[in-house]
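**Student:** Can you keep this structure in mind? I'll have questions shortly.
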Amino acid sequence: MKKFKFLVEYGLKKRVFRKAFLIANIIIGLLLIAIINLPVIIGYFSPEEDPVLNMNVQVYNETAEDELAAKLSSQLNEPYEGYEFFIVTSVDVMPDLETFWLDEDVDFLLVFTGDFTSPTVALYSKQPYLNNMLFSQIELLVISEQIVGFERPVFIAHRAPDYEDPDEAAMLGSIISFLVLPMFILITMGTQFVGVDIIEEKSTKAIETIISSVPAKIHFLAKITSSMFFIIIQSILLLMYSMIGALIGGAAATGGVNLPDGNTSLLDYLGDLIPHWPMVLLFTGLFMIAGTLFYLIVASLFASMATTQEDYQQFQAPLMIMLVAGFYIGLLSPLFGGTAFLKVMAFVPFFTPIVAPIAYASGVLTTLEASIAFVVITGVMIGTMYLVAPVYRVAILSYEQTKFFKRIRNYVKKAFARNGNGKKKG
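Per the working numbering, the very first residue in the sequence shown carries number 940; after that it's consecutive.
Okay, structure coming up:
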């Protein structure tokens, strides 16, 4: 146990207390803070928004209704909830039309004649696209005068059960991208950590001294454990960078995002968008742990078979392709409606760590299905560890230079070879 603890601490210190780790985290921290505050940064370099232009309306009233201008102003501005978009003024003398057309400060001229309950309205407009709206509002105002106690109807729009709000889909896509990216970075860093650590010891022949005093199985488990601690440390640092970015940009408020009516903060909106967010966080953590362990075990196997860093990069290529494929599947499938494909990929072990949390967050997987996917990836991870450990014991001290698949076949044969009594060797 002491040797195991020593190997874990030694491997962790060798990576964490390096200048490369410090420099990498400074760069990652700055980039993450910049990404979180991207709307604010863009705002600094964007031109100022055009001010809202009010519409000036002049009313010449020949009816007996003395409060016509005030009633018309209230009617026109009612949809704007307290904001006076239409500036309505009453004029006592009919304006000269030639002067009106040349006056840039006035947009409309309304001339009311006859009885107010059935008036004749002449409209002189410089903004024709608003003409129909003005006519409708004037008609509604006249109807309310004709009918005693008239109240405007309340309109409630209902959507189909399967309707998807484009704004909500865009917001969900943004959340998914922020969920996928840290997971992808952490798993990639973890596989690089364990691979480089093993290759360094093997390329310098230090591994022979270590294995002579420590069983290969203990060495294998120590590398996996130190890598997991490294990922935990890196996760805490990423969380700190995110909190700093949120504090700088005020992301706990709206963060420059236009929220739907009834939502006062971004966090409230996210809570409505993903009501089961506590379970999403729980499953994300579980899949992260099981999936990372699975990738670390496979990466350790490839590193033990390699003899140089270039060798390991070649062996690692298929693993990284799987990881990148899972990243893009999780990122793009929800955006393009590939729910069936996303659901299937959530049960494929190489894709599960990234795809399953996304599928669960977007509603593609139920809680039961997410639990089954977790059981599958956990079972595959345990089975992989059981199969890899004997191969690791053989490969870690071997410097064979044969081709990739031939090398794997030779190591597997040696690891599971049996003697004449039907028992495994070693």
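By construction, the Cβ of each residue, glycine as well, lies at the ideal position given by its N, Cα and C atoms.
Give me the residue from A1334, G1184, L1281, H1215 with the minimum Cα distance to S1243.
**Tutor:** For the purposes of this step, residue 1243 is taken as the residue at position 304 of the sequence shown. The shortest C-alpha separation from S1243 is found at A1334.
**Student:** So the candidates are P1067, F1055, L1048; which of them puts its Cα closest to the Cα of A1061?
**Tutor:** Counting from one through the sequence shown, the residue named residue 1061 turns up at place 122. Answer by Cα proximity: L1048.
**Student:** Looking at the strands, I want to know which residues DSSP matches up with S1025.
**Tutor:** Translated into the one-based positions of the sequence shown, residue 1025 becomes position 86. Here the sequence assigns Phe to residue 1025, which means Ser is not the residue at that position. Per DSSP, M994.
**Student:** Over the uninterrupted alpha helix (DSSP H) stretch that includes F1047, give me the two end residues.
**Tutor:** Translated into the one-based positions of the sequence shown, residue 1047 becomes position 108. Not the alpha helix (DSSP H): F1047 falls in the beta strand (DSSP E), residues 1047-1052.
**Student:** For the alpha helix (DSSP H) that L1235 lies in, which residues bound it at each end?
**Tutor:** The sequence position of residue 1235 within the sequence shown is 296, counting from 1. Per DSSP, L1235 belongs to the alpha helix (DSSP H) from 1216-1244.
**Student:** Based on the DSSP secondary-structure assignment, which residues constitute the bridge partners of V1030?
**Tutor:** The residue labelled residue 1030 in the question sits at position 91 within the sequence shown. According to DSSP, V1030 bridges with Y999.
**Student:** Taking C-alpha atoms, which residue in A1009, M1227, P1217 lies nearest to V996?
**Tutor:** Counted from its first residue, the sequence shown places residue 996 at position 57. Comparing Cα positions, the closest option is A1009.
**Student:** Between which two residues does the alpha helix (DSSP H) holding Y949 run?
**Tutor:** Translated into positions along the sequence shown, residue 949 becomes position 10. First-last of the alpha helix (DSSP H) with Y949: 941-955.
**Student:** How many whole angstroms separate the CB atoms of T1291 and A1285, which I take to be in contact at a CB cut-off of 8 Å?
**Tutor:** Your numbering for residue 1291 matches position 352 in the sequence shown. Your numbering for residue 1285 matches position 346 in the sequence shown. Indeed, because the Cβ distance is near 6 Å, the residues count as touching under 8 Å.
**Student:** Please list, in chain order, all residues of the same chain as V1050 whose beta carbon is under 6 Å from its beta carbon, the five residues on each side excluded.
**Tutor:** In the sequence shown, residue 1050 corresponds to position 111, counting from 1. Within the same chain, V1050 has close Cβ partners Y999, A1061.
**Student:** Tell me the DSSP bridge mates of Y897?
**Tutor:** Residue 897 is absent from the structure shown; the chain starts at 940 and stops at 1365.
**Student:** Measure the C-alpha to C-alpha separation of E1017 and E1023 and round it to an integer number of angstroms.
**Tutor:** As a position in the sequence shown, residue 1017 is number 78, starting the count at 1. As a position in the sequence shown, residue 1023 is number 84, starting the count at 1. So the two alpha carbons sit approximately 9 Å from each other.
**Student:** Taking the continuous alpha helix (DSSP H) assigned at S1012, which residues delimit it?
**Tutor:** Counted from its first residue, the sequence shown places residue 1012 at position 73. Per DSSP, S1012 belongs to the alpha helix (DSSP H) from 1007-1016.
**Student:** I need the DSSP call for Y1338, collapsed to helix, strand or coil.
**Tutor:** On the sequence shown, position 399 is the one that residue 1338 refers to. It is coil, neither helix nor strand.
**Student:** Pop quiz: K942 and I1157 are said to be a contact at Cβ under 8 Å. What is the actual Cβ separation, rounded to whole angstroms?
**Tutor:** By one-based count along the sequence shown, residue 942 stands at place 3. By one-based count along the sequence shown, residue 1157 stands at place 218. The pair is a contact, with the Cβ atoms about 6 Å apart (cut-off 8 Å).
**Student:** Grab the span of the alpha helix (DSSP H) containing K1352 for me, first residue to last.
**Tutor:** Reading the sequence shown from its first residue, position 413 is the one you call residue 1352. 1343-1354 is the span of the alpha helix (DSSP H), which, as asked, contains K1352.
**Student:** If you follow the alpha helix (DSSP H) that T1038 is part of, which residue opens it and which one closes it?
**Tutor:** Here residue 1038 refers to the residue found at position 99 of the sequence shown. Here the alpha helix (DSSP H) through T1038 covers 1036-1041.
**Student:** Report all residues from its chain with a CB closer than 6 Å to the CB of G1265; omit the five preceding and five following residues, and keep chain order.
**Tutor:** Along the sequence shown, one-based indexing puts residue 1265 at 326. Closer than 6 Å at the Cβ level, and outside the excluded window around G1265, lie F1290, I1293, V1294.
**Student:** Alpha carbon to alpha carbon, how far is G968 from G1302? Give it in angstroms, no decimals.
**Tutor:** Here residue 1302 refers to the residue found at position 363 of the sequence shown. Here residue 968 refers to the residue found at position 29 of the sequence shown. When rounded, the distance between both Cα atoms is 31 Å.
**Student:** Hey, quick one: how far does the alpha helix (DSSP H) through F1074 stretch, first residue to last?
**Tutor:** The residue given as residue 1074 occupies position 135 in the sequence shown. 1070-1085 is the extent of the alpha helix (DSSP H) around F1074.
**Student:** Looking only at C-alpha atoms, which of V1032, S1057, L1015, I1316 sits nearest to N1070?
**Tutor:** As a first step, residue 1070 must be located in the sequence shown, where it is residue number 131. Here the closest residue by C-alpha is L1015.
**Student:** Leaving out five residues on either side along the sequence, give the residues of the same chain with a beta carbon under 6 Å from the beta carbon of M1320.
**Tutor:** As a first step, residue 1320 is located in the sequence shown; it is residue number 381 there, counting from the start. Only A1229, L1232, F1233 meet the Cβ criterion.
**Student:** Near E1043, which residues of its chain fall below 7 Å by C-beta distance, leaving aside the five closest residues on each side in sequence?
**Tutor:** Stepping through the sequence shown from its first residue, residue 1043 is reached at position 104. Correct list: empty, nothing qualifies.
**Student:** Taking the straight line between their C-alpha atoms, what separation do you get for G1361 and V1314?
**Tutor:** To locate residue 1361, count along the sequence shown from 1; it is residue 422. To locate residue 1314, count along the sequence shown from 1; it is residue 375. Legend: pLDDT at G1361 = 45, less than 50; position of this residue unreliable, value from coordinates given subsequently. Approximately 33 Å between the Cα atoms of the pair.
**Student:** Go ahead and pull the three-state DSSP assignment for A964.
**Tutor:** Residue 964 sits at position 25 when you count from the first residue of the sequence shown. Checking the sequence, you will find Asn at residue 964 rather than Ala. Helix at N964.
**Student:** Is the stretch 1155-1174 in contact with the stretch 1329-1345, if contact means three or more CB pairs nearer than 8 Å?
**Tutor:** A contact exists between the stretch 1155-1174 and the stretch 1329-1345.
**Student:** Do P1296 and T1223 count as a contact pair if the criterion is CB distance below 7 Å?
**Tutor:** The count along the sequence shown starts at 1 and reaches residue 1223 at position 284. The count along the sequence shown starts at 1 and reaches residue 1296 at position 357. Cβ atoms of T1223 and P1296: closer than 7 Å.
**Student:** Can you name, in chain order, every residue of its own chain whose Cβ lies under 7 Å from the Cβ of A1238, other than the five neighbours on each side?
**Tutor:** Reading the sequence shown from its first residue, position 299 is the one you call residue 1238. Same-chain partners within the cutoff: T1130, V1133, G1134, Q1255, L1258.
**Student:** Which value, in whole angstroms, describes the spacing of the CA atoms of F1310 and E1140?
**Tutor:** Working through the sequence shown from its first residue, we reach residue 1310 at position 371. Working through the sequence shown from its first residue, we reach residue 1140 at position 201. Here residue 1310 is Ser; the residue named in the question, Phe, does not match the sequence. One C-alpha to the other measures close to 39 Å.
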